[in-house]
Amino acid sequence: MATKYHNLSDYDVNTVPDASAMRFGIVVSEWNSNITGALLDGALATLKKHGAKDENILVQTVPGSFELTFGSAQMIKSGRVDAVIALGCVVRGDTPHFDYVCSGATQGITYLNATTDVPVIYGLITTNNMEQAEERAGGRLGNKGDECAVTAIKMLDYICRLKK
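Quick note, the sequence shown lines up with residues 2 to 165 if you use this note's numbering.
Structural data, given as structure tokens:
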């Protein structure tokens, strides 16, 4: 469903499992830090709201959104996390750079999800302008960081249920 019709921070709290035994990695792009910082704040608050412990949350930055794939892959290889949340923001400009960065990051994160046992949650905001990004980083449409944190918890619970 399009974000326009759904608040990213609106979810049924009762459907989110306890995250107290889960380990999370968050890879955050430094580019558009006013947006990615708000996404990080949302993700951290939501993880903690559902029981995640500070010592089980590893946050690392990468220069830009294109580097989210590499940063996520390195977190997976570290063995210190059960899930990775990749947070970034790309705002369309006057050149095709937007298309290349968005496509590369999306394909990279998809590849990691298809080839590893660690879920990588797609938290890349891709917008036409900064106003749209702000709306999705704690503005009127909620915070994509909240949504990503809930998704990470639910994906780890999914894995646990499959192993039973």
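Even for Gly, the Cβ is constructed at its ideal location relative to N, Cα and C.
- Message: Using 8 Å as the threshold, is the C-beta distance between residue 92 and residue 35 below it?
- Response: no
Closer than 8 Å by C-beta to residue 96: which residues in its own chain qualify, once you throw out the five before and the five after it? Chain order, please. none
Original post:
Taking the C-alpha atoms as reference points, what is the distance between residue 155 and residue 104?
Top reply: 26 Å
(Q) Can you give me the C-alpha to C-alpha distance between residue 56 and residue 21, rounded to a whole angstrom? (A) 10 Å
- Task: Return the residue from the list 157, 138, 122 that minimises the CA-CA distance to residue 128.
- Result: 138
- For residue 142, is the classification buried or exposed, using 16 other Cβ atoms within 10 angstroms of its Cβ as the cut-off for buried? buried
Do you know offhand how far residue 30's Cα is from residue 13's?
28 Å
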